[in-house]
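If you read the sequence shown in full-length UniProt numbering, its first letter stands for residue 1, the second for the next number, and so on. C-beta: ideal position from N, C-alpha, C; glycine also. Here the structure comes first, spelled out in structure tokens, and everything after it is commentary.
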Amino acid sequence: MKASRHTANSEARRPSHHQSLYFKDGDLVISASGKSGKTLLYRVHTAILAQFSPIFRDMLLLPTETSDIEKYDGVPIVYLPDDQNDVSEFLQALYNPSYPKFDPCDPDYPLTAEPILKLATKYEVVSMTEHIFDQIKSQWPATLSDYINMELSLASRRSCQTALENPPFPSIYFSCPEPAAAISVVSKYDTSKIPLAAFYTLSTTGQKYSWSKAKELGQCPQNRPARWELLDDANLVRYFKGKYAVSELHSTLEAVIARNARPPSECTPGYHAARAKFNMSLEWEDRQMIKPCAENISSASEKIVKRRICDGSEAVSVVHNANLIMKTYELLDDMPNWELCPSCRSSTRSALQDMMKSTWDSLPMLFGLEKASTRSNPS
């Protein structure tokens with residue numbers, strides 16, 4: 001009985017060959033262990049390692065007495081301290097640049113790519129790290145126009161799903177990039193490459209909207225869930241500071257609009273008189289109450305700007321769902337219904353456009369990423 005148990009334990013500890021990364025013509029064996037203690041062997045090509053990694057190139061060029069070289073299966077063997085799962089992912093990506101499969105809508109891609117990014121950073125495979133950073137960055141809008149189009153698309157999908165499915169399952173957000181994963185993974189290696197749209201998107205939701213809880217339910221409310229547990233203290237501070245700063249800007253939106261509420265004497269000459277004359281030419285039941293531009297601006301902006309919901313889950317008690325950019329876009333989109341003279345319409349439109357653009361351009365400062373350019377090399 002003892003002998004058979006000893007044999008079984010020996011078999012369990014015996015190194016095994018990786019199924020797809022043990023090449024017969026390889027000239028180097030790499031050994032890596034996992035948490036279980038089991039060892040996995042990879043037979044690879046030194047030319048490929050040396051081509052992409054200066055760390056491996058220098059290591060392979062170190063002078064060594066031939067008699068001192070440990071061999072396995074007829075070729076030199078090296079032992080890496082890295083986890084075998086990370087090594088497997090790293091080597092797969094080294095031999096197959098399209099690995100892992102990339103989907104611009106995959107919420108898990110940053111987490112899937114992190115083991116590769118970790119070792120690519122450690123062994124200085126710059127082309128690989130830049131490729132992964134670019135892939136994560138491409139999941140998020142880089143311009144104001146792209147961001148608005150993303151939000152409009154999500155709103156359309158959510159509206160369609162709500163109308164056609166009961167209950168709306170699964171949530172559309174499970175097939176969209178998830179902001180906390182992108183922020184968490186990228187910030188470990190280069191904070192200057194954090195997608196700003198990911199932080200801004202995170203600021204439009206609250207911590208009570210948990211990704212895991214939403215997954216358990218299979219659906220979630222209109223608010224975007226996130227993997228909050230992935231954020232470290234530094235990123236949580238950025239989140240709260242940024243969210244509070246955006247809410248402060250949001251509170252000035254009504255004042256920005258009000259500044260363009262001119263008295264009739266400053267409106268486009270003859271505009272209101274012409275409207276009144278046309279109105280009087282209509283049948284009684286078709287006539288409308290003619291209001292000055294200032295009153296129209298005030299009532300329209302108040303109706304839209306004040307549609308807010310308080311998010312009690314936030315430590316700073318800021319406005320929840322206060323998406324300043326999309327709220328400003330909503331005002332611009334609704335402006336044709338405000339019945340403004342050409343002069344007031346032009347000035348109000350310009351003020352709203354300027355606010356929307358300045359908010360977008362200020363995101364690096366609002367989230368404390370303006371001068372961020374730190375690299376780290378997690379072990």
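Rounded to the nearest angstrom, what separates residue i and residue j at their Cα positions?
i           : j           : result
residue 141 : residue 361 : 13 Å
residue 331 : residue 301 : 7 Å
residue 135 : residue 128 : 11 Å
residue 82  : residue 247 : 44 Å
residue 101 : residue 111 : 13 Å
residue 233 : residue 187 : 12 Å
residue 249 : residue 324 : 8 Å
residue 263 : residue 189 : 55 Å
residue 37  : residue 225 : 37 Å
residue 380 : residue 341 : Outside the shown range of the chain, which is 1 to 379, sits residue 380, and nothing can be said about it.
residue 333 : residue 200 : 21 Å
residue 130 : residue 95  : 16 Å
residue 202 : residue 244 : 12 Å
residue 126 : residue 32  : 22 Å
residue 230 : residue 97  : 27 Å
residue 25  : residue 216 : 48 Å
residue 336 : residue 148 : 19 Å
residue 154 : residue 251 : 25 Å
residue 209 : residue 295 : 39 Å
residue 21  : residue 109 : 22 Å
residue 174 : residue 68  : 54 Å
residue 349 : residue 322 : 20 Å
residue 56  : residue 29  : 13 Å
residue 58  : residue 212 : 44 Å
residue 339 : residue 156 : 27 Å
residue 52  : residue 258 : 59 Å
residue 47  : residue 176 : 39 Å
residue 299 : residue 118 : 54 Å
Is it right to say residue i is buried, meaning 16 or more other beta carbons lie within 10 angstroms of its own, or is it exposed?
i           : result
residue 313 : Low confidence applies here, because residue 313 scores a pLDDT of 41, under 50, leaving its location unreliable and the question unanswered by this model.
residue 85  : exposed
residue 214 : buried
residue 14  : exposed
residue 19  : exposed
residue 297 : buried
residue 88  : buried
residue 359 : buried
residue 35  : exposed
residue 164 : exposed
residue 70  : exposed
residue 114 : buried
residue 143 : exposed
residue 160 : exposed
residue 316 : Unreliable placement is indicated for residue 316, whose pLDDT of 39 sits below 50; the coordinate value is still reported in the next sentence. Residue 316 is exposed by the Cβ-count criterion.
Leaving aside the five residues before and after residue i along the sequence, list all residues of the same chain whose C-beta is less than 7 Å from its C-beta, in chain order.
i           : result
residue 364 : 196 and 370
residue 17  : 41
residue 104 : 138 and 139
residue 79  : 31
residue 345 : 335
residue 54  : 124
Beta carbon of residue i, beta carbon of residue j: below 8 Å?
i           : j           : result
residue 45  : residue 27  : yes
residue 423 : residue 260 : Residue 423 is absent from the model: the chain starts at 1 and stops at 379.
residue 367 : residue 238 : yes
residue 178 : residue 107 : yes
residue 91  : residue 123 : no
residue 183 : residue 194 : yes
residue 227 : residue 198 : no
residue 253 : residue 204 : no
residue 151 : residue 356 : no
residue 60  : residue 50  : yes
Once you ignore the five residues that flank residue i on each side, which residues in its own chain have a CB closer than 6 Å to its CB?
i           : result
residue 351 : 256 and 260
residue 354 : none
residue 146 : none
residue 185 : 110 and 114
Can you find the residues in the same chain that come closer than 8 Å, C-beta to C-beta, to residue i, ignoring five residues on each side of it along the sequence?
i           : result
residue 93  : 99, 100, 116, 120 and 128
residue 241 : 366, 367 and 368
residue 292 : 263, 264, 267 and 272
residue 23  : 43, 44 and 45
Inset, instruction - Could you tell me which uninterrupted alpha helix (DSSP H) segments, each at least 4 residues in length, are contained entirely in the stretch 102-140, listed from first to last along the chain? - result: Listed in chain order, they are 109-122 and 126-138.
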